[in-house]
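**Q**
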Amino acid sequence: ENFVHILRILNTNVDGKQKVVFALRSIRGVGRRFATLVCKKADVDTNRRAGELSPEEIERVVAIIQDPRKYKIPDWFLNRQKDVFDGAFTQITSNGLDMKFRDDIERLRKIRNHRGLRHTWGVRVRGQHTKTTGRCGRTVGVSKKKGG
12 ENFVHILRIL
22 NTNVDGKQKV
32 VFALRSIRGV
42 GRRFATLVCK
52 KADVDTNRRA
62 GELSPEEIER
72 VVAIIQDPRK
82 YKIPDWFLNR
92 QKDVFDGAFT
102 QITSNGLDMK
112 FRDDIERLRK
122 IRNHRGLRHT
132 WGVRVRGQHT
142 KTTGRCGRTV
152 GVSKKKGG
């Protein structure tokens, strides 16, 4: 009766037709296991559709996602552990994820770290081979002469 087709949760449009766990996964920074755990902590049935949730249940879910340590979610479950700047353990979502990611890469560039330099040069960062792969946008191979 009060079904909502598109919910707005943490600056993200969430599909109300999907089950709650899968709908929460559309929020950046919320994965499969974290979404399941949030639903259990908020006493939300995981078999229900997201559009069937009451505003109180949505508020509970948002509160748990924003401050999971307050609801006894362990530190090893969070996606930002022991932050470099303040040492905090947090779960970062949506726009905050982009900002932290950009800040981390900028910090690596600033201290002239090997990873930061490789980000600057636009080459593979994690030790992959680069002789033959990852050549998109660059000249490839040797061209043969025509004729003769």
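According to my numbering, the sequence shown is numbered sequentially starting from 12.
C-beta atoms are modelled at their ideal positions from N, C-alpha and C, and glycine is treated no differently.
Being a predicted model, the structure only gives us computed values, none of them experimental.
Shortest alpha-carbon distance to LEU21 belongs to which of VAL95, ARG118, ASP78?
**A** Here the closest residue by C-alpha is ASP78.
**Q** When DSSP labels each residue in this structure, what does THR101 get in the three-state scheme?
**A** THR101: strand per DSSP, three-state reduction.
**Q** Compute the minimum distance between the beta carbon of ARG19 and the heavy atoms of the ligand SAH, and state whether it is under 7 Å.
**A** The ligand content of the structure shown is nil, which means the ligand SAH is not present either.
**Q** Could you pull the start and end residues of the beta strand (DSSP E) that ARG43 belongs to?
**A** Here ARG43 belongs to no beta strand (DSSP E); instead the alpha helix (DSSP H) covers 43–52.
**Q** Is the beta carbon of VAL41 closer than 8 Å to that of GLY27?
**A** No, Cβ-Cβ distance for GLY27 and VAL41 is not below 8 Å.
**Q** Express the C-alpha separation of ARG146 and VAL73 in angstroms, rounding to a whole number.
**A** So the alpha carbons of these two residues sit roughly 42 Å apart.
**Q** Is it the case that the region 35–55 contacts the region 80–89, given that we only count it when at least three CB pairs across the two stretches are under 8 Å?
**A** The region 80–89 is in contact with the region 35–55.
**Q** In whole angstroms, what separates the C-alpha of ILE103 from that of LYS156?
**A** Between ILE103 and LYS156, the C-alpha separation is close to 55 Å.
**Q** Would you mind giving the Cβ-Cβ distance between ASP115 and PHE100, rounded to the nearest angstrom? I have them listed as a contact below 8 Å.
**A** So it is not a contact: roughly 16 Å between Cβ atoms.
**Q** Consult DSSP for THR23 and reduce its assignment to one of helix, strand or coil.
**A** Here THR23 sits in strand by DSSP.
**Q** Any chance you could list the alpha helix (DSSP H) runs of at least 4 consecutive residues sitting entirely within the region 79–141, in chain order?
**A** List check, alpha helix (DSSP H) in window: 105–121, 125–132.
**Q** Please report how far the alpha carbon of ASN121 lies from the alpha carbon of HIS130, in whole angstroms.
**A** Rather than Asn, the amino acid found at residue 121 in this sequence is Lys. So the alpha carbons of these two residues sit roughly 12 Å apart.
**Q** Bridge partners for ILE38 per DSSP, in chain order?
**A** BP columns for ILE38 are empty, so no partner.
**Q** Indicate the three-state DSSP secondary structure (helix, strand or coil) for ARG71 in the structure shown.
**A** Reduced to three states, the DSSP call for ARG71 is helix.
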